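Have a look at the structure below before the remarks.
In my numbering, the protein residues as written are 92 to 295.
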């Protein structure tokens with residue numbers, strides 16, 4: 092069992108199935124269609140306009156992590172691009188979430204490296220501030236601690252405590268099974284009102 096087992100289930104299922112799931116508000120968005128990621132968070136806090144902390148975090152990665160980068164919400168520069176995306180892949184990092192902008196979006200997409208960002212900006216950065224790595228960060232109103240499980244897709248970004256992974260995965264699978272049954276009943280001609288036991292608003 093690993094965080095990657097959540098990928099086929101998706102954020103909507105996890106967010107509904109597990110009460111302890113934290114859903115980011117106005118989250119960073121995938122920079123290309125089809126991007127999704129799942130893994131434990133390697134948290135990074137960067138000074139806006141500087142990306143030294145990102146370089147440090149990539150070098151420290153053990154593999155399997157998601158970079159979760161607190162960039163202060165700044166979209167005035169692009170601290171991450173094609174070269175760093177390739178460096179991440181070669182270190183085994185499975186994707187990145189950043190509350191800032193990135194650059195080289197088409198090249199990153201061609202690498203099939205999932206990146207979720209606030210926007211695009213080609214302005215460069217300095218490399219002087221060491222920042223912080225492995226500390227709690229806040230993105231989209233959600234506090235993310237090192238090792239928290241991160242699931243991101245086209246719909247949302249969701250986090251959960253690592254100790255909850257097994258139970259959250261089981262609950263999500265159960266919900267997905269119920270939804271599959273519901274869709275089959277729809278194909279057989281039933282209505283959602285009947286399936287869900289709802290009353291018609293026009294009824295007395």
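From the three backbone atoms N, C-alpha and C, an ideal C-beta is built for every residue, glycine too. Keep in mind the model is a prediction, meaning the values are calculated, not measured.
What is the DSSP secondary structure of residue i, reduced to helix, strand or coil?
{"i": "residue 161", "result": "strand"}
{"i": "residue 213", "result": "coil"}
{"i": "residue 203", "result": "coil"}
{"i": "residue 272", "result": "helix"}
{"i": "residue 252", "result": "coil"}
{"i": "residue 96", "result": "helix"}
{"i": "residue 120", "result": "strand"}
{"i": "residue 290", "result": "coil"}
{"i": "residue 247", "result": "coil"}
{"i": "residue 265", "result": "helix"}
Among residues of its own chain, excluding the 5 on either side of residue i, which ones have a beta-carbon nearer than 8 Å to its beta-carbon?
{"i": "residue 122", "result": "193, 196, 199, 200, 206, 207, 208, 211"}
{"i": "residue 138", "result": "144, 163, 220, 222"}
{"i": "residue 257", "result": "92"}
{"i": "residue 278", "result": "none"}
Can you list, in chain order, the residues of its chain with a C-beta nearer than 6 Å to that of residue i? Leave out the 5 residues immediately preceding and following it.
{"i": "residue 227", "result": "234, 236"}
{"i": "residue 232", "result": "116"}
{"i": "residue 273", "result": "286"}
Assuming residue i contacts residue j (C-beta within less than 8 Å), just tell me the rounded distance between them.
{"i": "residue 168", "j": "residue 214", "result": "4 Å"}
{"i": "residue 141", "j": "residue 216", "result": "5 Å"}
{"i": "residue 202", "j": "residue 177", "result": "6 Å"}
{"i": "residue 230", "j": "residue 135", "result": "Wrong, their Cβ atoms sit about 11 Å apart, outside the cutoff."}
{"i": "residue 112", "j": "residue 105", "result": "6 Å"}
{"i": "residue 154", "j": "residue 183", "result": "3 Å"}
Looking at residue i and the ligand NAD, is the gap between the Cβ and the nearest heavy atom below 8 Å?
{"i": "residue 282", "result": "As presented, the structure is devoid of all ligands, the ligand NAD included, so that no description of it is given."}
Give me, in chain order, the residues of the same chain whose beta-carbon lies closer than 7 Å to that of residue i; leave out the 5 immediate sequence neighbours on both sides.
{"i": "residue 148", "result": "133, 135, 158, 224"}
Segment contact flag, the region 197–216 with the region 181–189, C-beta cutoff 8 Å, min 3 pairs
Contact between the region 197–216 and the region 181–189 is established, with three or more Cβ pairs separated by less than 8 Å.
If contact is defined by three or more beta carbon pairs under 8 Å, each pair taking one atom from either stretch, is the region 95–108 in contact with the region 262–269?
Judged by pairs of C-beta atoms under 8 Å, the region 262–269 touches the region 95–108, as three or more such pairs exist.
Those runs of the alpha helix (DSSP H) which lie wholly inside the region 144–198 and span at least 4 residues
The qualifying runs are 173–182.
Contact between the region 237–256 and the region 129–144 is defined here as three or more beta-carbon pairs at a separation below 8 Å; is this criterion met?
The region 237–256 makes contact with the region 129–144: 3 or more CB pairs, one atom from each, lie closer than 8 Å.
Could you tell me whether the region 246–254 touches the region 167–183, where touching means 3 or more Cβ pairs closer than 8 Å?
Result no; under three Cβ-Cβ pairs closer than 8 Å.
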